[in-house]
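J.:
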Amino acid sequence: MRQPYFMNLITNLKQSTSKCIHTLYNVNIPADQVLVNATKPEIEGDYTIVLFAFVKQLGKSPDALGNELGAAMMADMPGILTQFNIVKGFLNFTISNDYWFDFINSSDPSQLVPATENKQKIMVEYSSPNTNKPLHLGHLRNNFLGWSIAEILKLQGHEVFKTCIVNDRGIHICKSMIAWQKFANGATPADTHQKGDHFVGDYYVKYNDAYKTEVVELVAGGMPLEVAEKEAPILKGAQEMLLKWEQGDAATIDLWKRMNAWVYEGFEVTYNKIGSDFLKTYYESNTYLLGKELVEAGLSKKVFFQKEDSSVWIDLTADGLDEKIVRRKDGTSVYMTQDIGLAQLKQKEFNTDASIYVVGDEQNYHFKVLKLICQKLQLPAADGIYHLSYGMVELPTGKMKSREGTVVDADDLVDEMIKISKEKTEALGKVSDFTSAQLEELYNTIGLGALKFFLLRVDPKKKMIFNPEESIDFHGFTGPFIQYTHARIKSILRKTGTTVTLTANELLPLEKQLAIELSIFPAIINEAAENLDPSKIAIYAFNLAKLFNTFYTEHSIANADTETKKQLRIKIGILTAATLQKAMSCLGIAVPEQM
RNA sequence: GGUUCGGUAGCUCAGCUGGAUAGAGCGUCAUCCUUCUAAGAUGAGGGCCAUUGGUUCGAAUCCAAUCCGGAUCACCA
72 MRQPYFMNLI TNLKQSTSKC IHTLYNVNIP ADQVLVNATK PEIEGDYTIV LFAFVKQLGK
132 SPDALGNELG AAMMADMPGI LTQFNIVKGF LNFTISNDYW FDFINSSDPS QLVPATENKQ
192 KIMVEYSSPN TNKPLHLGHL RNNFLGWSIA EILKLQGHEV FKTCIVNDRG IHICKSMIAW
252 QKFANGATPA DTHQKGDHFV GDYYVKYNDA YKTEVVELVA GGMPLEVAEK EAPILKGAQE
312 MLLKWEQGDA ATIDLWKRMN AWVYEGFEVT YNKIGSDFLK TYYESNTYLL GKELVEAGLS
372 KKVFFQKEDS SVWIDLTADG LDEKIVRRKD GTSVYMTQDI GLAQLKQKEF NTDASIYVVG
432 DEQNYHFKVL KLICQKLQLP AADGIYHLSY GMVELPTGKM KSREGTVVDA DDLVDEMIKI
492 SKEKTEALGK VSDFTSAQLE ELYNTIGLGA LKFFLLRVDP KKKMIFNPEE SIDFHGFTGP
552 FIQYTHARIK SILRKTGTTV TLTANELLPL EKQLAIELSI FPAIINEAAE NLDPSKIAIY
612 AFNLAKLFNT FYTEHSIANA DTETKKQLRI KIGILTAATL QKAMSCLGIA VPEQM
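The working numbering numbers the first residue of the first sequence as 72 and each following residue consecutively.
Below you can see the structure in the form of structure tokens.
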């Protein structure tokens, strides 16, 4: 593969600085300690080296240092650096026109990002739904993040396995089950024309209503609140059901399977709509017994210890954490035990080098402990465990709570976004030549684009606020803005054609700015991958689109003054469209040819 | 209380391995569709970067303390 030396311009500048300082003054300054910035727009130049850092060490005045270093670097990077100036301790270099022209000329729109030399097998686990209720806004953030991280890593050339762990057992499922038994009279989703996940979720809400009522009644009958909360008959029923489930009671298992099947049918529809898929789905009902032999191994390795009541623990106080239980006194596993077992299983099955868990930040502690335990047990790839911890999506009124019905339902929100995109598209009336199938697809693309971009443009680590009163925007820093920019370029290219022959010419400021912006795309992908942060790409795509739109209003492509200019600008258009397409595909967002 | 993440424009967010005058978008106001798609562009207005102290040529960025908010510290998952 062609060495993409363009993306290394900043690196080259750093290395040259280090090298020239060494030659001039015989002082070693590592290249990575050199600070290179884009030059302020008001000042002549493209890239700036901050001199203050070396002034003291070299015992030179900023001006003297700048002049000597500037001259030396000009000689070191001939054909690339054309001039320099010094302003108040900042050494500003101008990059040659030829350099950027070459970049535009030689860039291949189908090869925008070079593959890494260090290819890895990476698992991304995301989504992790519960089978007692439908997906909500928080799940959407999770799904979009997981999907996006997988795409980014794939683009870098890694082999990526997308997996999902379904929490399909436990007391919460039994709550839906017992409510169904009590209140449904045998009704099914087909009877009520509901999606299965919503149907089952309704019974989860019914359970909680019934539970609250029972507690109130018991308290009215003179029972203390704390006791009533434990003694409510419906809760007792759910607990009994869980016990029966664990004993393998046939009727209970049948009901459980039946209701879960309804939920999976519903999830399937949602996942298809939002474009989530998994290479493999793990079910907790299969994995919850995993990790038992690891407990034994840990005991003999003395990683774990046993208390008098025979429960098994790990002491993490030396690592600044607490003691953590890994096996109950009755011999059963806890959440942590399963996760250790599952980590081992996944590593074995896929021979992974790294494993990324996309899970909310409420579980930071859990994953810190999980990684530590896996490391202490010396499981393969334990160091490759990463928790992509994302903040909750909150409403202006506070946290969403399924139990209280204050959730933004995923299906509702997606449908709403598609509906709005339909209205807006119809109002603009630019796609009268589309067939109805094409229109459907376009509405989906735009609606989902707006939603995905909205959830991915924010730093994943931070909690974010979603206001259902104000619908998600289609203008400004949004998915549709970028989709629109792409469609606009494509519209031009349909008229001009895409076969170009370039001859050298002087770039205008906006043409050069676009070249610079296009050239940093691989570095942005790297940054996003290293930080597991798709928002870097969202911000980049927006900046690129915005810059192109400015260019678009200032300069014509099809009607450029000269054929030479026209050819150059067509190529810029091709590269911009390809880069926007690639960046957006990293976010799981399609870009239409026309909108 | 321990740990941890955050507090930047009216709102939602960038910027944080210290660098030149702190940026976007939305909202507000004002301009631009006989010229490649106005889901666009241009401009105006809007800031004690939570507070205080420190480190230094230089702090939104690093350190300390304080105040406010979230998460977590379960033999739930």
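For every residue, glycine included, the Cβ atom is placed at its ideal position computed from N, Cα and C.
So if DSSP puts F405 in a beta bridge, which residue, or which two residues, is it bridged to?
T.: Just to set this straight, residue 405 is Val in the shown sequence, not Phe. Beta-bridge pairing links V405 to no other residue.
J.: When you compare each of Y406, T468, P451 and I660 to F438 by their alpha carbons, which one comes out closest?
T.: Of Y406, T468, P451 and I660, the residue nearest in Cα terms is Y406.
J.: Assuming L129 and V98 make a contact with CB atoms under 8 Å, what is their CB distance in whole Å?
T.: Confirmed, about 6 Å.
J.: Identify, in the order they occur along the chain, each residue of the same chain with its Cβ nearer than 6 Å to the Cβ of Y278, setting aside the five sequence neighbours on each side.
T.: If we look at Y278 and ignore the five residues flanking it on each side, its Cβ neighbours are K246 and A250.
J.: By the three-class DSSP mapping on this structure, what secondary structure does A631 have?
T.: A631: coil per DSSP, three-state reduction.
J.: Determine the contact status of K495 and L350, defining contact as a CB-CB distance below 8 Å.
T.: No, the pair does not count as a contact, with Cβ atoms beyond the cut-off.
J.: Just tell me which of D179, V184, I151 and A186 has its CA closest to the CA of Y170.
T.: When each option's Cα is compared against that of Y170, the closest is I151.
J.: E394 bridges to which residues according to DSSP?
T.: Beta-bridge pairing links E394 to D386.
J.: Is the beta carbon of K90 closer than 8 Å to that of D147?
T.: A contact, by the Cβ cut-off of 8 Å.
J.: Considering just the uninterrupted stretch of the beta strand (DSSP E) at S492, what are its terminal residues?
T.: First-last for S492: A481 to L499, but that is the alpha helix (DSSP H), not the beta strand (DSSP E).
J.: Going by DSSP in three states, Y461 sits in which element: helix, strand or coil?
T.: Residue state, collapsed to three classes: strand.
J.: Tell me whether the beta-carbon of T202 lies closer than 8 Å to the beta-carbon of V237.
T.: In this structure, V237 lies closer than 8 Å to T202 by Cβ.
J.: Count the other CB atoms, across all protein chains shown, that sit within 10 Å of the CB of T88; report buried if there are 16 or more and exposed otherwise.
T.: That one is buried.
J.: Rounded to the nearest angstrom, how far is the Cβ of D486 from that of S460, given a contact under 8 Å?
T.: 29 Å between Cβ atoms; not a contact.
J.: Residue range of the beta strand (DSSP E) that M194 falls in?
T.: Segment K192 to E196, the beta strand (DSSP E) holding M194.
J.: Our contact map puts S492 next to I517 with C-beta atoms below 8 Å; I'd like the distance itself, whole angstroms only.
T.: Sure, about 4 Å apart at Cβ, within 8 Å.
J.: From Q318 to D480, what does the alpha carbon distance come to, in whole angstroms?
T.: Approximately 34 Å, taken between the alpha carbons.
J.: If we count the other Cβ atoms within 10 Å of its Cβ and call it buried at 16 or more, is K583 buried or exposed?
T.: Classification for K583: buried.
J.: Smallest Cα separation from D239: which of K307, N331 and E188?
T.: The shortest C-alpha separation from D239 is found at N331.
J.: Grouping DSSP H, G and I as helix and E and B as strand, with all else coil, what is Y76?
T.: Below a pLDDT of 50, predicted positions are generally treated as unreliable, and Y76, at 42, falls in that range; the measurement from the model is reported next regardless. Correct three-state label for Y76: helix.
J.: Near F77, what residues of its chain come up, given a Cβ to Cβ distance below 7 Å and the 5 sequence neighbours on each side ignored?
T.: Per-residue confidence for F77 stands at a pLDDT of 48, beneath the threshold of 50, marking its modelled position as unreliable; the derived number appears in the next sentence. Excluding sequence neighbours, F77 sits near F174 and S590.
J.: What separation, rounded to the nearest whole angstrom, lies between the Cα atoms of H207 and I242?
T.: Each residue's Cα considered, the two are about 20 Å apart.
J.: Please list the terminal residues of the continuous beta strand (DSSP E) segment that includes S57.
T.: Residue coverage of the chain in this structure runs from 72 to 666, which leaves residue 57 outside it and unanswerable.
J.: Less than 8 Å between the C-beta atoms of K85 and D103, yes or no?
T.: It is a contact, given that the beta carbons lie within the stated cut-off.
J.: What is the rounded straight-line gap between the Cα of G644 and the Cα of L183?
T.: So the alpha carbons of these two residues sit roughly 14 Å apart.
J.: Check whether the Cβ of L211 lies closer than 7 Å to any heavy atom of the ligand FAD, and answer yes or no.
T.: For the structure depicted, the ligand FAD is absent and the ligand set is empty, with no information on it obtainable.
J.: Look at V271 and V334 and say whether their C-beta atoms are less than 8 Å apart.
T.: Yes, these two residues count as a Cβ contact at 8 Å.
J.: Is it a yes or a no for the stretch 534-541 touching the stretch 625-637, going by three-plus beta-carbon pairs under 8 Å?
T.: Cβ pair count under 8 Å is below three, so no.
J.: Alpha helix (DSSP H) containing G137: first to last residue?
T.: Note, G137: alpha helix (DSSP H), P133 to D147.
J.: Can you tell me whether F349 is helix, strand or coil according to DSSP?
T.: Three-state result, F349: coil.
J.: Taking its Cβ as the centre, do 16 or more other Cβ atoms sit within 10 Å of E664, making it buried, or is it exposed?
T.: Exposed: under 16 other Cβ atoms inside 10 Å.
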